[in-house]
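To start, the structure under review is shown below, and the notes come after it.
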């Protein structure tokens, strides 16, 4: 899954600022280097800019200033087709799921594979297996509009990981599921990470952060700080790297 | 169902274009456009065939007119006119460029003036000139001025008419009609393309949410554009077939009306097999225009997305 042609950093951000329209910057002077195979939590209060930061990572938005490089490509100088190819390596779990409600759970999960032009037999095999794993085999043909919040979230997660992405970005992925499912999903993310996938999970859950000792990207006052577990352990609190 | 078909049918469902409210409007619009296009095109092709017939008649024939002799004695006058007619016929028959010389009979003359003077007139009561129809050999190079001089010497009452003057005026008129019709054809194509452009843009706005998700999953613009192109091509083809089904009877009705103008120049207008094959291929033409316009619109519009 990993590719030695890529630089060590999956995502590089230099002096990145982002603003909407003529408003003030919601993120300022962001500097970030995400190493391949790393696992980070992204934290910050509501409105701190977590979704904006993630949207730059999954190439839905360009920075208002500064440079963002994903898989070694500066997004400001990458053409649309090349951006599409980069997006195929990124799995995203959206906070609002962004499922296509007129499609079944199966068709939603199959979307990234079909976009790549994968053989339909392989699509069927992979999607059925994954939907069984997230315990949605009974709802395989159900339109997602008929599913509960937790079920939708599992469909969204299945869609994000179906293509075995090199970078997985998740915005509150365990927010709508019970503890058992949340634990199972986190194990899935950890397993993917062990296989080489770089993972960033935006969360408000302190339990998640303490249960899994991964570094934390914390957004505060429009800027980004990075906290490592060792700092937290040594100081009994949070230490700036 | 094969894997490829299954993938195609799954793709169809991603963007529910078949439910777009503008589909019916587009189909009706394309039907009307193809109807207008078909009828106008039939007109242009008919004018073309008419021009070709007229051109051939200019190149291949001429008419000699022998004015009636001026004599108070009717029998003398008729004899002098016939003498002049025979001299002119004799002169023309000896020309190597001439294929056939036919003096028109009284019955033929009667038929010629019938559209203007009706049935009840006897041409023997009128000072009618006698006409000689002259068919030239293929590729004959004729010095008309020389012939006119020779004819004036042999038969002073005879004059040569190679049809050029009045036919040139008719050809100019027909050319004008053709330009007008071609302008209408271009306008019909532009208006239809414009309608497809705006309907596609509206649909893109309507399905923006789905398209954004497809993009985030790694879909290229062509992936979306192909779905629009296929859907619009089908609408273009269906609309084209309906329009053609309306246009064909209309063309026949107009052709029948034209035929009823007996002896008129319009009856020279005919559609050949090649002309009909062009008209019958209009649904394919509308399909290609619709498909191309939709594809171009999607590609251009999506360029504004990230």
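Chains as they are written, first to last, in our numbering: chain G, 1 to 241; chain C, 1001 to 1306.
Note that the Cβ used here is the ideal one computed from N, Cα and C, for glycine as well.
Exposure label - residue i; buried when at least 16 CB within 10 Å
i: residue 1250 of chain C; result: exposed
i: residue 1121 of chain C; result: exposed
i: residue 1029 of chain C; result: buried
i: residue 89 of chain G; result: buried
i: residue 1253 of chain C; result: exposed
i: residue 43 of chain G; result: buried
i: residue 135 of chain G; result: exposed
i: residue 107 of chain G; result: buried
i: residue 55 of chain G; result: buried
i: residue 1179 of chain C; result: exposed
i: residue 163 of chain G; result: buried
i: residue 1 of chain G; result: With a pLDDT of 42 at residue 1 of chain G, under the threshold of 50, the modelled position of this residue cannot be trusted, and the question is left open.
i: residue 121 of chain G; result: exposed
i: residue 1130 of chain C; result: buried
i: residue 146 of chain G; result: exposed
i: residue 1287 of chain C; result: buried
i: residue 165 of chain G; result: buried
i: residue 152 of chain G; result: buried
i: residue 1115 of chain C; result: exposed
i: residue 3 of chain G; result: Because the pLDDT at residue 3 of chain G is just 46, under 50, the model does not fix this residue reliably, and the point stays unresolved.
i: residue 1046 of chain C; result: buried
i: residue 1111 of chain C; result: exposed
i: residue 1072 of chain C; result: exposed
i: residue 1108 of chain C; result: exposed
Chain G within 9 Å of residue i, Cβ atoms only
i: residue 1223 of chain C; result: yes
i: residue 1230 of chain C; result: no
i: residue 1303 of chain C; result: yes
i: residue 1205 of chain C; result: no
i: residue 950 of chain C; result: Shown here, chain C extends from 1001 to 1306; a query on residue 950 of chain C therefore has no answer.
i: residue 1016 of chain C; result: yes
i: residue 1220 of chain C; result: yes
i: residue 1300 of chain C; result: no
i: residue 1029 of chain C; result: no
i: residue 1317 of chain C; result: Past the boundaries of the shown model lies residue 1317 of chain C; chain C is included only from 1001 to 1306, so the question cannot be answered.
i: residue 1172 of chain C; result: no
i: residue 1178 of chain C; result: no
Residue i, enclosing beta strand (DSSP E) - first and last residue
i: residue 1304 of chain C; result: Looking at the DSSP string, residue 1304 of chain C is not in any beta strand (DSSP E), and its letter there is neither H nor E.
i: residue 247 of chain G; result: Nothing can be reported for residue 247 of chain G, as the shown portion of chain G is limited to 1 through 241.
Extent of the continuous alpha helix (DSSP H) run through residue i
i: residue 52 of chain G; result: 50-57
i: residue 1227 of chain C; result: 1221-1259
i: residue 1081 of chain C; result: 1074-1093
i: residue 1211 of chain C; result: 1208-1216
i: residue 1277 of chain C; result: 1273-1280
i: residue 111 of chain G; result: 105-115
i: residue 1065 of chain C; result: Counting along the chain, residue 1065 of chain C falls outside any alpha helix (DSSP H), though it belongs to the beta strand (DSSP E) covering 1061-1066.
i: residue 1100 of chain C; result: Premise fails: residue 1100 of chain C lies in the beta strand (DSSP E), 1098-1103, not in any alpha helix (DSSP H).
i: residue 123 of chain G; result: 120-133
9 Å Cβ cutoff, residue i in contact with chain C
i: residue 58 of chain G; result: yes
i: residue 81 of chain G; result: yes
i: residue 103 of chain G; result: yes
i: residue 92 of chain G; result: yes
i: residue 27 of chain G; result: no
i: residue 107 of chain G; result: yes
i: residue 173 of chain G; result: no
i: residue 115 of chain G; result: yes
i: residue 192 of chain G; result: no
Any chain A beta carbon closer than 9 Å to residue i
i: residue 85 of chain G; result: Included in the structure are the protein chains G and C, with no chain A among them.
Cβ pair count under 8 Å reaching 3, the region 1175-1187 of chain C against the region 1037-1053 of chain C = yes
Please determine if the region 152-171 of chain G and the region 198-211 of chain G are in contact, where contact requires at least 3 C-beta pairs separated by less than 8 Å.
-> yes
Any chance you could list the beta strand (DSSP E) runs of at least 3 consecutive residues sitting entirely within the region 158-225 of chain G, in chain order?
-> 167-171, 198-202 and 216-220
Is there contact between the region 1125-1136 of chain C and the region 1093-1103 of chain C, where contact requires at least three CB pairs shorter than 8 Å?
-> yes
Does the pairing of the region 1197-1212 of chain C with the region 1286-1305 of chain C give three or more beta-carbon distances under 8 Å?
-> yes
Check whether the region 82-95 of chain G touches the region 140-147 of chain G, counting contact only when three or more Cβ pairs, one atom from each stretch, lie closer than 8 Å.
-> no
Taking only runs that begin and end inside the region 1149-1200 of chain C, name each unbroken beta strand (DSSP E) of 3 or more residues, in chain order.
-> 1158-1161
Every unbroken beta strand (DSSP E) within the region 1108-1140 of chain C, with a cutoff of 3 residues, ordered by chain | 1130-1136
Quick one: complete beta strand (DSSP E) runs, 3+ long, within the region 34-99 of chain G?
-> 39-44, 65-70 and 90-93
Segment contact flag, the region 1224-1240 of chain C with the region 1016-1032 of chain C, C-beta cutoff 8 Å, min 3 pairs = yes
Do the region 1212-1227 of chain C and the region 1189-1196 of chain C meet, that is, are 3 or more Cβ pairs less than 8 Å apart?
-> no
Evaluate contact between the region 1268-1277 of chain C and the region 1063-1082 of chain C, counting only Cβ atoms and requiring at least three cross-stretch pairs below 8 Å.
-> no
Contact between the region 33-50 of chain G and the region 214-225 of chain G: three or more CB pairs below 8 Å?
-> yes
Please confirm if the region 1101-1109 of chain C is in contact with the region 1083-1093 of chain C, defined as three or more CB-CB distances below 8 Å between the two stretches.
-> yes
For the region 63-72 of chain G against the region 101-118 of chain G, are there 3 or more C-beta pairs whose distance is under 8 Å?
-> no
Do the region 48-64 of chain G and the region 18-27 of chain G make contact, defined as three or more Cβ pairs closer than 8 Å?
-> yes
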